[in-house]
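Have a look at the structure below, then the notes.
In this note's numbering, the protein residues as written are 83 to 271.
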């Protein structure tokens, strides 16, 4: 057991998820979250930042780099807002171009039949809220089952753990949500 804990901490250190434990209460849109002490700290490279970025894409376009675990929102004038993300685990990664077809605040989660087949203990539906895997906001991509959404597990940012969706910390997806429109182009590489 001692070795399993040491291996877990070594893995967390390798992906930048260690640091001092802190307890905090945060309020998001009138909902108070109590984050208990967590043995992790998000690596600074996954925190939102405005960066230099040259692109032929229009402002409002989202470009996702799954290998780098970053999402870029094109701002124009050779600038982009960069966010850290969690991406699809092995076997669930995808690439392509879609458009945002729907935006939702505190969306309900309805696991698709394929996911429920893999994980029979999943609920048929989960109401939106702090414990919902889709987090505070969701941007629906075309007619796919994929979304750009928040997460109730912010320590997974910078990792490949999802079933193909692109996840951000709740505060980051709330910011992104306000900056994009239905019809915005999303490029996943």
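We put the CB at the ideal spot given by N, CA and C, even for glycine. If you're wondering where the values come from, they're calculated on a predicted model, not measured in any experiment.
Residue i burial status per 10 Å Cβ neighbour count (16 or more: buried)
{"i": "residue 275", "result": "The structure shown does not extend to residue 275, since the chain is modelled only from 83 through 271, so no value can be given for it."}
{"i": "residue 216", "result": "buried"}
{"i": "residue 180", "result": "buried"}
{"i": "residue 254", "result": "buried"}
{"i": "residue 134", "result": "exposed"}
{"i": "residue 226", "result": "exposed"}
{"i": "residue 239", "result": "buried"}
{"i": "residue 153", "result": "buried"}
{"i": "residue 266", "result": "buried"}
{"i": "residue 177", "result": "exposed"}
{"i": "residue 129", "result": "exposed"}
{"i": "residue 164", "result": "buried"}
{"i": "residue 131", "result": "exposed"}
N- and C-terminal bounds of the beta strand (DSSP E) containing residue i
{"i": "residue 253", "result": "No beta strand (DSSP E) contains residue 253, which is instead part of the alpha helix (DSSP H) from 252–261."}
{"i": "residue 180", "result": "178–187"}
{"i": "residue 222", "result": "219–223"}
{"i": "residue 264", "result": "From DSSP, residue 264 is part of no beta strand (DSSP E); its letter is neither H nor E."}
{"i": "residue 230", "result": "229–231"}
Residue i - DSSP class collapsed to helix/strand/coil
{"i": "residue 172", "result": "coil"}
{"i": "residue 238", "result": "helix"}
{"i": "residue 209", "result": "coil"}
{"i": "residue 106", "result": "A caution first: residue 106 carries a pLDDT of 42, below 50, which makes its placement in the model too unreliable to give a value."}
{"i": "residue 140", "result": "coil"}
{"i": "residue 127", "result": "helix"}
{"i": "residue 245", "result": "coil"}
{"i": "residue 226", "result": "coil"}
{"i": "residue 271", "result": "coil"}
Beta-bridge pairing of residue i - partner residues as DSSP gives them
{"i": "residue 153", "result": "146 and 165"}
{"i": "residue 198", "result": "Residue 198 is not bridged to any residue."}
{"i": "residue 191", "result": "208"}
Rounded Cβ spacing between residue i and residue j (contact assumed at less than 8 Å)
{"i": "residue 218", "j": "residue 252", "result": "4 Å"}
{"i": "residue 144", "j": "residue 243", "result": "Actually they are not in contact, since the Cβ atoms of residue 144 and residue 243 sit about 20 Å apart, beyond 8 Å."}
{"i": "residue 214", "j": "residue 191", "result": "5 Å"}
heavy atom of the ligand NAD below 8 Å from residue i C-beta
{"i": "residue 148", "result": "Looking at this structure, you won't find the ligand NAD or any other ligand, since it has none at all."}
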